[in-house]
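All the letters of the sequence shown, read from the start, carry residue numbers 148 to 420 under our numbering.
Virtual Cβ for every residue (Gly too), placed ideally from N, Cα, C.
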Amino acid sequence: MSTLMVKAKSGDEFLKVMTFEANDEPVFPEYNLNDVIEFDPKYKLEDEEHYMISDFSNKEFCLDILREDFSDTNFNSIQDFKDVKLDFIFWVKDMDYYFQRVTFKQVVNKKFLNLTSKKLVDEGPVLVIKEEADAYYDKEKDILYFKNFNAIKGIFSEIEVLYKEATDLEVAVFLSKDFIEVVEGYSIDSVKVSNRKRISMIESVLNDLSEEDLNSILEYIREYNDLIYDPTVNKFKIKSDQDLKNLLFGIDQRYYTTVVGQEKRVANSIAKV
Numbered sequence: 148m149s150t151l152m153v154k155a156k157s158g159d160e161f162l163k164v165m166t167f168e169a170n171d172e173p174v175f176p177e178y179n180l181n182d183v184i185e186f187d188p189k190y191k192l193e194d195e196e197h198y199m200i201s202d203f204s205n206k207e208f209c210l211d212i213l214r215e216d217f218s219d220t221n222f223n224s225i226q227d228f229k230d231v232k233l234d235f236i237f238w239v240k241d242m243d244y245y246f247q248r249v250t251f252k253q254v255v256n257k258k259f260l261n262l263t264s265k266k267l268v269d270e271g272p273v274l275v276i277k278e279e280a281d282a283y284y285d286k287e288k289d290i291l292y293f294k295n296f297n298a299i300k301g302i303f304s305e306i307e308v309l310y311k312e313a314t315d316l317e318v319a320v321f322l323s324k325d326f327i328e329v330v331e332g333y334s335i336d337s338v339k340v341s342n343r344k345r346i347s348m349i350e351s352v353l354n355d356l357s358e359e360d361l362n363s364i365l366e367y368i369r370e371y372n373d374l375i376y377d378p379t380v381n382k383f384k385i386k387s388d389q390d391l392k393n394l395l396f397g398i399d400q401r402y403y404t405t406v407v408g409q410e411k412r413v414a415n416s417i418a419k420v
C-alpha cells in the first residue's frame, strides 16, 4: 500500500489525499539512477544524470516528516481542494518518497474532451502529474536524488544554503578586491543572480589562496581572456556582467588549452576527477 500526501502553502500541516493498493498504477515511475553525482553547483548534469545528497536526514534542510517513521493514520485527510493552495505533493511507498512541487501552471481548471469516451468532461481543477518526480528520497539509504535545484527549492525551503546568492554586502566586498576596478556605471545593482551565485561560491576559493597563488591566477586570467587590465595598478576593469563572469571563471580556473590544436576553451561545468 502507498499514500499520496499534500502540503498546503498555508501552515505546516501535511494532509492525506488517498491510499493505493499494491496493484494500483504508481503515481510516479522509479528513478533511473545509473548515473548519479554528489550535488555540486559548479557541475551541470547530462540528460541521463541525477544529483544526490547523501546523509540527507542530518541536513538542516531535511523535512521532519522524513526523519520520522511514516504512517498515514497519523494524518488528516484533505476534504476539499477548492480553497487549498498546494505547495507540493509527495507519494510514499514503503521507504521511497517521491516529491513534486506544485505551480499554478500544473493546476488546470478547464473543460476536457475525453478521447476514449468522446465526451466533454468538466471535473477541474486537475493537477498535472509529471512524468518524473522533482525529487526522490530513498529513506533506507538516506539519499535525496533530483535533477533541477530550482524545482526542489519550493519543497526543501532551506536547501538554498547549498547554492545561495551573495548579498549586496558580499558583492560589494568582492568588487572592492585589490585586483578589481568597477567602471562605466557598473555597480552592485548591476550584478545579476547568476554572478551573485558565482561570487558566493568563489569566496571559498579566494580564502584558500596565498598571495603568490592569487598572483599566478591573475596572470593566468590575463592570458585567457580580453578583460581590460591596467598594469600600473594591477587591476581588471569590470564594466559589465559578462566581464564579471569572465573574471569569476578565471579565478575558478575554468579556462584551458586543448592538447591537440592548442584551442583555448572555457568549461561551463566542472567536476573534480
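{"Item": "Near residue 148, what residues of its chain come up, given a Cβ to Cβ distance below 8 Å and the 5 sequence neighbours on each side ignored?", "Value": "166, 167, 168, 169"}
{"Item": "Could you give the DSSP three-state label for residue 250: helix, strand or coil?", "Value": "coil"}
{"Item": "Using a Cβ-Cβ cutoff of less than 8 Å, which residues in the same chain neighbour residue 468 once the five nearest sequence positions on both sides are dropped?", "Value": "One cannot answer for residue 468 here, as it falls past the ends of the chain, which runs 148 to 420."}
{"Item": "Taking DSSP as the reference, what is the three-state secondary structure of residue 299?", "Value": "helix"}
{"Item": "Hey, how far is the Cα of residue 260 from the Cα of residue 266?", "Value": "6 Å"}
{"Item": "Within this structure, are the beta carbons of residue 279 and residue 294 separated by less than 9 Å?", "Value": "yes"}
{"Item": "Could you say which of 183, 309, 238 lies nearest to residue 194 if we only look at CA atoms?", "Value": "183"}
{"Item": "Over the uninterrupted alpha helix (DSSP H) stretch that includes residue 211, give me the two end residues.", "Value": "211-214"}
{"Item": "Taking 9 Å as the threshold (C-beta atoms), are residue 233 and residue 274 in contact?", "Value": "yes"}
{"Item": "Roughly how many angstroms separate the alpha carbons of residue 173 and residue 190, rounded to a whole number?", "Value": "31 Å"}
{"Item": "Taking Cβ positions, are residue 364 and residue 408 nearer each other than 9 Å?", "Value": "no"}
{"Item": "Spatial neighbours of residue 380 within its chain, please: CB distance less than 8 Å, with the 5 preceding and 5 following residues excluded, ordered by chain position.", "Value": "328"}
{"Item": "Could you tell me the alpha carbon to alpha carbon distance between residue 391 and residue 412, rounded to whole angstroms?", "Value": "17 Å"}
{"Item": "Indicate the three-state DSSP secondary structure (helix, strand or coil) for residue 379 in the structure shown.", "Value": "coil"}
{"Item": "List, from N- to C-terminal side, the alpha helix (DSSP H) runs of 4 residues or more that fit wholly inside the stretch 268-344.", "Value": "296-300, 315-322"}
{"Item": "If you pair each beta-carbon of the stretch 319-327 with each one of the stretch 381-389, do three or more pairs fall below 8 Å?", "Value": "yes"}
{"Item": "By Cβ distance below 6 Å, which residues in the same chain neighbour residue 375 in space, the five residues on each side in sequence not counted?", "Value": "384"}
{"Item": "What's the call for residue 154, buried or exposed, on a 16-neighbour Cβ count within 10 Å?", "Value": "buried"}
{"Item": "Inspect the beta-carbon positions of residue 402 and residue 372 and report whether they are closer than 9 Å.", "Value": "yes"}
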